[in-house]
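Student: First the structure, then my questions, so here it is.
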Amino acid sequence: MTPVVLMRTSGGPDTFRSRTLRDRLVRVAEAAVTPLVPADVLDIFDPLRSGADLRGRIVSVTAETADSATILVKPGKDWAGHVPGQYLRVGVDVDGVRLWRTYSLTHGPRADRCISITIKAIPDGKVSNHLVRHAQAGQLLHLGQAEGDFVLSDPMPDKLLLVTAGSGVTPVIGMLRNLFSKAAPLATDIVLLHSALSRSEVIFGEELRRYAEEGRLRLVELHTDTDGMLDVADLDQIVPDLASRTTYACGPVGLLDALEAHHTERELPLHIERFRTAVVATGEDGQSGGSVTFAKSGITVEGDGSTPILDAAEAGGVLMPSGCRMGVCFGCVLPLREGVVRDLRNGALTVAAPGDGVAIQTCISAAAGACHIDH
Ligand SMILES: Cc1cc2nc3c(=O)[nH]c(=O)nc-3n(C[C@H](O)[C@H](O)[C@H](O)COP(=O)(O)OP(=O)(O)OC[C@H]3O[C@@H](n4cnc5c(N)ncnc54)[C@H](O)[C@@H]3O)c2cc1C
Ligand code: FES
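So the sequence shown is numbered by the working numbering: it starts at 215 and just counts up by one.
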């Protein structure tokens, strides 16, 4: 008879005994909760453990302005950290549907390893309103790892211009908190030009004003209800040494487009973070859309040629994978089995012959004919 050899992988007898005990407990748990598997049980008792899908538990929700709040989150053990200025995907269940959106990380260095995001509720916004008005300490959020290249260069430029508007201040506050936490004095000269509807609408207003009083940066606040919108033609007047500064900007599409044109013409260095994609191509002018059929659910929705397939599908009740909703994270990619889609950013058409599996980003693609998607 072949002898049975019990092997220890590592550790002493206690480790071995505790493993055996743990194995037995897992088997008991398995029997007790069938048809759940032990991983499901661990998800309930230890959702933040290493090896689980990345999640975070809300530690606190703090109002910043009437419409915005900062959510402090204890991330799962597999959270790999971030570079200030980066964002992460956040998945939240709203009315029983898991919706994914993208939020910039706003915290500075923290001994407790917690991370924070700051959300501005937008009119009719599903996730932003849910997070700002209904999120509570103790709730779990689904998380992605940090992504994005809107980060300060290393070494830092001698002179920085930060142009932000509304919630566009979020990636920049993360940068500032990290810079100002360092013991060594900062060599970089920083101007922050921030636009908001009014003084009380300035997210992180008190903190930014304190930085200015302490001489850490020059703050130029523009309150658009009294001062009007920022006109990039006024930049030279507001920041006389503009030509010697590297600009980082985050805000509404119109402001970023104007800055891009202004800086490109003058060949000035500019880094931009967009929260929404600039749509240039639509299904107007005879470029009609088509029906979009989802193979697995059997649901067919109408795509009008200018609505992203992601939006049309969600409106039609299809549960879709997503993330940034603007073409950068690839969280929405699905195979197009047959049909034609148009890239809303540049009008380019992608054609799939029957049986193909061409990967398309549903958040920036609109139907340009009947489409069949493998989902
Ligand atoms: C890289 C990146 C970082 C981001 N960081 C932040 C952040 O730190 N804080 C923050 O508050 N938001 C941030 N956003 C925006 C965020 O991801 C969501 O788009 C926003 O919260 C709206 O989601 P919603 O579900 O509430 O709106 P939805 O229900 O998706 O949309 C509701 C309506 O608002 C429109 N809409 C969608 N997004 C915007 C928008 N950003 N501005 C104006 N109208 C919009 C839609 O077209 C629709 O008509 C970021 C986006 C990206 C791509
Ligand atoms: S959702 Fe991010 S690329 Fe489409």
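C-beta atoms are modelled at their ideal positions from N, C-alpha and C, and glycine is treated no differently.
Any idea what DSSP makes of residue 452, helix, strand or coil?
Tutor: The residue given as residue 452 occupies position 238 in the sequence shown. Note: residue 452 maps to helix in three-state DSSP.
Student: Are three or more beta carbon pairs between the stretch 507-517 and the stretch 393-402 nearer than 8 Å?
Tutor: no
Student: On the three-state DSSP scale, how would you describe residue 336?
Tutor: Reading the sequence shown from its first residue, position 122 is the one you call residue 336. Note: residue 336 maps to coil in three-state DSSP.
Student: Along the alpha helix (DSSP H) that carries residue 378, what are the first and last residues, could you check?
Tutor: Locating residue 378 in the sequence shown gives position 164, counting from the first residue. Premise fails: residue 378 lies in the beta strand (DSSP E), 373-379, not in any alpha helix (DSSP H).
Student: Among all residues, which have a Cβ less than 6 Å from at least one non-hydrogen atom of ligand 2, and in what chain order do they fall?
Tutor: The answer, residue by residue, is 536, 537, 538, 539, 541, 542, 543, 544, 545, 546, 575, 577.
Student: Indicate the three-state DSSP secondary structure (helix, strand or coil) for residue 523 in the structure shown.
Tutor: The count along the sequence shown starts at 1 and reaches residue 523 at position 309. DSSP places residue 523 in helix when its eight states are reduced to three.
Student: Identify which residue in 267, 474, 403 has its Cα closest to the Cα of residue 429.
Tutor: For the purposes of this step, residue 429 is taken as the residue at position 215 of the sequence shown. When each option's Cα is compared against that of residue 429, the closest is 403.
Student: Counting Cβ pairs, one atom from each stretch, are 3 or more of them under 8 Å apart for the stretch 346-356 and the stretch 297-309?
Tutor: yes
Student: Compare the Cα-Cα distances from residue 324 to each of 551, 286, 530 and report the closest residue.
Tutor: As a first step, residue 324 is located in the sequence shown; it is residue number 110 there, counting from the start. Of the residues 551, 286, 530, the one whose Cα lies closest to the Cα of residue 324 is 286.
Student: Counting C-beta neighbours from all protein chains within 10 Å, is the total for residue 258 16 or more, i.e. buried, or is it exposed?
Tutor: One-based indexing of the sequence shown puts residue 258 at position 44. The residue is exposed, with fewer than 16 neighbouring Cβ atoms inside 10 Å.
Student: Considering just the uninterrupted stretch of the beta strand (DSSP E) at residue 504, what are its terminal residues?
Tutor: In the sequence shown, counting from the first residue as 1, residue 504 sits at position 290. Under the DSSP assignment, residue 504 falls in the beta strand (DSSP E) whose first and last residues are 504-508.
Student: Cα-Cα, which of 577, 378, 332 is closest to residue 470?
Tutor: The residue labelled residue 470 in the question sits at position 256 within the sequence shown. Answer by Cα proximity: 378.
Student: Whether or not the stretch 562-572 and the stretch 535-545 are in contact is what I'm after, with contact meaning three or more pairs of Cβ atoms, one per stretch, closer than 8 Å; do they touch?
Tutor: The stretch 535-545 is not in contact with the stretch 562-572.
Student: Measuring from the CB of residue 418, is there a heavy atom of ligand 1 at a distance below 7 Å?
Tutor: Counted from its first residue, the sequence shown places residue 418 at position 204. Relative to ligand 1, the beta carbon of residue 418 is positioned no closer than 7 Å to any heavy atom.
Student: Do you know whose CA, among 261, 524, 381, lies nearest residue 410's CA?
Tutor: Along the sequence shown, read from residue 1 onward, the residue named residue 410 stands at position 196. The option with the nearest alpha carbon to residue 410 is 381.
Student: Report the residue from 560, 330, 550 whose alpha carbon sits nearest the alpha carbon of residue 283.
Tutor: For this step, residue 283 is matched to residue 69 along the sequence shown. Checked all of 560, 330, 550; the closest Cα to residue 283 is 330.
Student: Given a cut-off of 8 Å on the beta-carbon distance, is the pair residue 477 and residue 491 in contact?
Tutor: Numbered from its first residue, the sequence shown carries residue 477 at position 263. Numbered from its first residue, the sequence shown carries residue 491 at position 277. Contact: no.
Student: Should the stretch 444-458 be called in touch with the stretch 413-426, which here means at least 3 C-beta pairs below 8 Å?
Tutor: With a cut-off of 8 Å, the stretch 413-426 and the stretch 444-458 do not count as touching, because too few Cβ pairs lie within range.
Student: Rounded to whole angstroms, what's the CA-CA distance from residue 579 to residue 489? Just pull it up for me.
Tutor: One-based indexing of the sequence shown puts residue 579 at position 365. One-based indexing of the sequence shown puts residue 489 at position 275. Whole-angstrom Cα-Cα distance: 17 Å.
Student: Among 340, 446, 555, 361, whose alpha-carbon lies nearest the alpha-carbon of residue 298?
Tutor: Within the sequence shown, the letter at position 84 stands for residue 298. It is 361.
Student: Is it the case that the CB of residue 340 approaches a heavy atom of ligand 1 more closely than 7 Å?
Tutor: In the sequence shown, the residue the question calls residue 340 occupies position 126. Result yes, Cβ under 7 Å from ligand 1.
Student: Does DSSP put residue 480 in a helix, a strand or coil?
Tutor: By 1-based counting over the sequence shown, the position of residue 480 is 266. Helix at residue 480.
Student: Measure from the alpha carbon of residue 263 to the alpha carbon of each residue in 446, 447, 589, 289, then state which is nearest.
Tutor: Within the sequence shown, the letter at position 49 stands for residue 263. Checked all of 446, 447, 589, 289; the closest Cα to residue 263 is 289.
Student: With DSSP as the reference, please indicate the residues paired to residue 314 in a beta bridge.
Tutor: Taking the first residue of the sequence shown as 1, we reach residue 314 at position 100. Paired residues: 305.
Student: Using 10 angstroms around the beta-carbon of residue 575, count the other beta-carbons present and answer buried if the total reaches 16, otherwise exposed.
Tutor: By 1-based counting over the sequence shown, the position of residue 575 is 361. The residue is buried, with at least 16 neighbouring Cβ atoms inside 10 Å.
Student: Report the option in 327, 484, 487 whose CA atom is closest to the CA atom of residue 292.
Tutor: Position 78 of the sequence shown holds residue 292. That would be 327, whose Cα lies nearest to the Cα of residue 292.
Student: When you compare the CB positions of residue 388 and residue 320, do they come within less than 8 Å of one another, or not?
Tutor: Position 174 of the sequence shown, counted from the start, is the residue given in the question as residue 388. Position 106 of the sequence shown, counted from the start, is the residue given in the question as residue 320. Yes.
Student: Which first and last residues belong to the alpha helix (DSSP H) in which residue 427 is found?
Tutor: Within the sequence shown, numbered from 1, the residue matching residue 427 stands at position 213. Residues 419-427.
Student: Helix or strand or just coil, what does DSSP make of residue 261?
Tutor: Here the question's residue 261 lines up with position 47 in the sequence shown. Correct three-state label for residue 261: coil.
Student: Have a look at residue 559 and residue 427 and give me their C-alpha separation to the nearest angstrom.
Tutor: To locate residue 559, count along the sequence shown from 1; it is residue 345. To locate residue 427, count along the sequence shown from 1; it is residue 213. Cα to Cα, the separation comes out at about 42 Å.
Student: Report the CB separation of residue 436 from residue 444 in whole angstroms; it is logged as a contact under 8 Å.
Tutor: Stepping through the sequence shown from its first residue, residue 436 is reached at position 222. Stepping through the sequence shown from its first residue, residue 444 is reached at position 230. Sure, about 6 Å apart at Cβ, within 8 Å.
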